[in-house]
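>
Number of protein chains: 2
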Amino acid sequence: MPKGEVLPGSRDAPQSVEDFRDRLHTLNGQLPRRLQQCADHVATHLDRIALSTVAQVAQGAGVPPSAVMRFCQIMGFTGYAEMQRLFREALSRAAPDYATRLANLKAGGAGQPATLVAEFVEAGRQSMEALARDLNETALNQAVTTLSQARTIHLAGFRRSFPVASYLAYVFDKLGVPAVLHDGVAGLGHRSTLQPGDALLAITFAPYSEETLALVTQARDRGLPVVALTDPPASQLSGLADTVLTVTEIDFGAFRSLSAVIALALALAVAVAARRET
Amino acid sequence: MPKGEVLPGSRDAPQSVEDFRDRLHTLNGQLPRRLQQCADHVATHLDRIALSTVAQVAQGAGVPPSAVMRFCQIMGFTGYAEMQRLFREALSRAAPDYATRLANLKAGGAGQPATLVAEFVEAGRQSMEALARDLNETALNQAVTTLSQARTIHLAGFRRSFPVASYLAYVFDKLGVPAVLHDGVAGLGHRSTLQPGDALLAITFAPYSEETLALVTQARDRGLPVVALTDPPASQLSGLADTVLTVTEIDFGAFRSLSAVIALALALAVAVAARRET
DNA sequence: CGGACAATGGAACGAATATTCTATTTCTCC
DNA sequence: GGAGAAATAGAATATTCGTTCCATTGTCCG
């Protein structure tokens, strides 16, 4: 080893995945070529470490195995085994016996209520993961900016989207953000309340309801900004809305949960409220 | 190998975790002592196989390693390695790079919209897992029975629970199940519609809203069965409702998502509709 | 241009772990 | 109760994989 230098894997190994990420970030940019390749590959495939061999990681990063070993030592571990242990522990803590329990529920037989719960839980979980994976941060930030500048936020959502709209109305009310829920109780409702300085938040999924499209068009005609919360093939809306946030909701059978949409809507509401206060 | 017998790990290895469970179920009861011990242990700790060594599984089951090997062959695999591969693949498919993405989002900094999404997604996922883990199957089955026998289902849910109630109204409508949403639009609403043969499904969380409690009391006075969908410390309701379904919703900061409640509600609705049709 | 040092790749080594083999015990059926 | 077969445990073996070492290449500075 080098003469007076700090020897690589001495005592400062990351104790958690968080630590690991921090260290990775610190080292970024000041590493030799092969080590940097390792860092890049590991950063984008953190989850694979727990289950991969040195050879597999090396191949993924396009480097020889020995380079991966040096990378582990730079990161503060004595070797690959110690690094892997960190990720394995994180992985087993993440899924204690949830998977087993789900399988047990599902094993009850098709049509059993408990089996249905398991299926919907699974679909919901997948939707959440898809949301985290595919989130368009740019669009989200833009939506927050638009809505936080609005005098009043108009909420449009009917049929399947109505629960989301009504939940947003509740949350905005709690947070002291002026919002109007267009529920269509008495026919075509509050259209005349769309005033300059307001913004419209439309929640809608294919097939898009006429009421929502009508509101969107009207808001557009009056020059109000429109934020749409919708599903990916947002063809019709992409031309009408200023900002489009898409959510992929996995469905089980003919039924779709709302887990991901609600999570996104809630985050949006809180972010808007926070932005307005500053 | 044996003379004319079917050699153990020939061709019929389970191709999925589902297959594996089926096989385990088939074999149950007709195995020699040590193999049965392996089967029992594996069945209750399915998730550990992906990350454990033969020796660890053996210790967990209280058998020598060679017994585990024989178990693997009985299950149709050539050995432990092949069996482990099945579970590792399942595990890595379950969490592609979701964890990485989440961490990236969170790293954006507190208050950032994307960070909020990550937090709510995480809270939602935990809620889902809690639901799967703690689900009371007996209560669920009882709720399905009660509701499926009702002439009309009355839905009560206000404030934070209103989105759930309105979603249920939408789903029941889609499924052709007679249901009335008590939305309180015009004051105290449809109380008089509580008729003999009906049932009440109340969705409510602490602090319980007066409207919901009033409806529950009224339904009880008229002798109608009441199903409550609520959070664990359901002290007030446990005396009033016939069936209590509890859901633990993890909250982030002062905010609670509805992911788990909606998943449970949806499953309940579908199960009720299925039961009615048979 | 050349010396020194860091970085690299591949091969050799060693530890951990799956797998097989066989002597012994246990069970079963006549 | 005994003969045969099945099951079992522990040791021996094979394999996989992490780790180390060293010769070679590349890079920076005098």
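Sequence lines, in order, name chains A and B.
Position one of the first sequence corresponds to residue 1 (our numbering), numbered consecutively onward.
Position one of the second sequence corresponds to residue 1001 (our numbering), numbered consecutively onward.
By construction, the Cβ of each residue, glycine as well, lies at the ideal position given by its N, Cα and C atoms.
#1: Okay, do the segment 149-161 of chain A and the segment 1147-1163 of chain B touch, 3+ Cβ pairs below 8 Å being the bar?
#2: Tell me residue 1201 (chain B)'s beta-bridge partners as DSSP assigns them.
#3: If you draw a straight line from the C-alpha of residue 1157 (chain B) to the C-alpha of residue 1114 (chain B), how long is it?
#4: Short of 8 Å in beta carbon distance, which residues of its chain neighbour residue 1221 (chain B), apart from the five on each side in sequence? Order them along the chain.
#5: Between the segment 1253-1267 of chain B and the segment 1164-1184 of chain B, do three or more beta carbon pairs fall short of 8 Å?
#6: Helix, strand or coil: which one does DSSP assign to residue 264 (chain A)?
#7: Rounded to whole angstroms, what is the Cα-Cα separation between residue 76 (chain A) and residue 87 (chain A)?
#8: Start and end of the alpha helix (DSSP H) containing residue 1045 (chain B)?
#9: Would you verify that the beta carbon of residue 207 (chain A) is, or is not, closer than 7 Å to some beta carbon of chain B?
#10: Do you know whose CA, among B:1028, B:1013 and B:1052, lies nearest residue 1078 (chain B)'s CA?
#11: Roughly how many angstroms lie between the CA atoms of residue 270 (chain A) and residue 160 (chain A), to the nearest whole one?
#12: At least one CB of chain B closer than 7 Å to the CB of residue 259 (chain A): is that the case?
#13: When Cβ atoms are compared, which residues of the segment 132-149 of chain A fall closer than 7 Å to chain B?
#14: Run through DSSP, which three-state label would residue 164 (chain A) get?
#15: Report all residues from its chain with a CB closer than 8 Å to the CB of residue 50 (chain A); omit the five preceding and five following residues, and keep chain order.
#16: Could you tell me if residue 37 (chain A) is buried or exposed, where buried requires 16 or more neighbouring beta carbons within 10 angstroms of its beta carbon?
#17: Measuring only the C-alpha atoms, how far is residue 4 (chain A) from residue 16 (chain A)?
#18: Run through chain A and tell me which residues come within less than 9 Å of residue 1058 (chain B), C-beta to C-beta.
#19: Here's a check: name, in chain order, each residue in its chain whose Cβ is nearer than 7 Å to the Cβ of residue 1250 (chain B), leaving out the five neighbours to either side.
#20: Using 7 Å as the limit for Cβ to Cβ distance, is residue 249 (chain A) near chain B?
#21: Going by C-alpha distance, which of B:1116, B:1272 and B:1181 is nearest residue 1202 (chain B)?
#22: Do you know how far the Cα of residue 1215 (chain B) is from the Cα of residue 134 (chain A)?
#23: With residue 179 (chain A) as the anchor, note down where its beta strand (DSSP E) starts and where it stops.
#24: Looking only at its chain, what residues have a beta carbon closer than 6 Å to the beta carbon of residue 1225 (chain B), apart from the 5 residues adjacent to it on each side?
#25: Residues in the segment 1115-1130 of chain B with C-beta within 7 Å of chain A's C-beta atoms, listed in sequence order?
#26: What residues in the segment 1149-1164 of chain B bring their beta carbon closer than 9 Å to a beta carbon of chain A?
#27: Under the assumption that residue 1067 (chain B) contacts residue 1058 (chain B) (Cβ atoms under 8 Å), give the Cβ distance between them as a whole number of angstroms.
#28: Buried or exposed: where does residue 168 (chain A) fall if 16 or more other Cβ atoms within 10 Å of its Cβ makes it buried?
#29: Taking the continuous alpha helix (DSSP H) assigned at residue 115 (chain A), which residues delimit it?
#30: How would you call residue 20 (chain A), buried or exposed, if buried means at least 16 neighbouring beta carbons within 10 angstroms?
#31: List the whole-angstrom C-beta distance separating residue 1330 (chain B) from residue 1272 (chain B), where the pair is believed to meet the contact cut-off of C-beta under 8 Å.
#32: Applying the 10 Å Cβ sphere with the 16-neighbour rule, what's the burial state of residue 173 (chain A)?
#33: Flag this pair as yes or no: are the beta carbons of residue 1205 (chain B) and residue 1183 (chain B) separated by less than 7 Å?
#34: Spell out whether any CB of chain B is found under 7 Å from the CB atom of residue 39 (chain A).
#35: Specify the secondary structure class of residue 1251 (chain B) as computed by DSSP and reduced to three states.
#36: Just confirm the distance between the C-beta atoms of residue 1140 (chain B) and residue 1266 (chain B), as a whole number of angstroms; I'd bet it's less than 8 Å.
Here's the rundown:
#1: no
#2: B:1155 and B:1227
#3: 31 Å
#4: none
#5: yes
#6: Residue 264 (chain A): helix per DSSP, three-state reduction.
#7: Whole-angstrom Cα-Cα distance: 15 Å.
#8: No alpha helix (DSSP H) holds residue 1045 (chain B); DSSP gives it neither H nor E.
#9: no
#10: Selected option, being the one with the closest Cα: B:1013.
#11: 22 Å
#12: So, interface residue.
#13: 132, 133, 135, 137, 140, 141 and 144
#14: Annotated three-state conformation of residue 164 (chain A) is helix, per DSSP.
#15: 84, 87, 88, 90 and 91
#16: buried
#17: Bear in mind that a pLDDT of 34 at residue 4 (chain A), under 50, signals an unreliable position, so the number given afterwards is only what the model happens to contain. Using only the alpha carbons, I get a separation of about 29 Å.
#18: One finds nothing in chain A with a Cβ atom closer than 9 Å to the Cβ of residue 1058 (chain B); even the nearest lies about 18 Å away.
#19: 1123, 1126, 1127 and 1130
#20: no
#21: B:1181
#22: 42 Å
#23: 179-182
#24: 1146, 1199 and 1242
#25: 1116, 1117, 1118, 1120, 1121, 1124, 1125, 1128 and 1129
#26: Going along the segment 1149-1164 of chain B in chain order, one finds 1159, 1160, 1162, 1163 and 1164 with a Cβ nearer than 9 Å to chain A.
#27: Confirmed, about 7 Å.
#28: buried
#29: Start and end: 113-134.
#30: Residue 20 (chain A) is buried by the Cβ-count criterion.
#31: For residue 1330 (chain B) there is no data in the structure shown, the boundaries of chain B being 1001 and 1278.
#32: By the 10 Å Cβ count, residue 173 (chain A) comes out exposed.
#33: no
#34: no
#35: strand
#36: The pair is not a contact, with the Cβ atoms about 13 Å apart (cut-off 8 Å).
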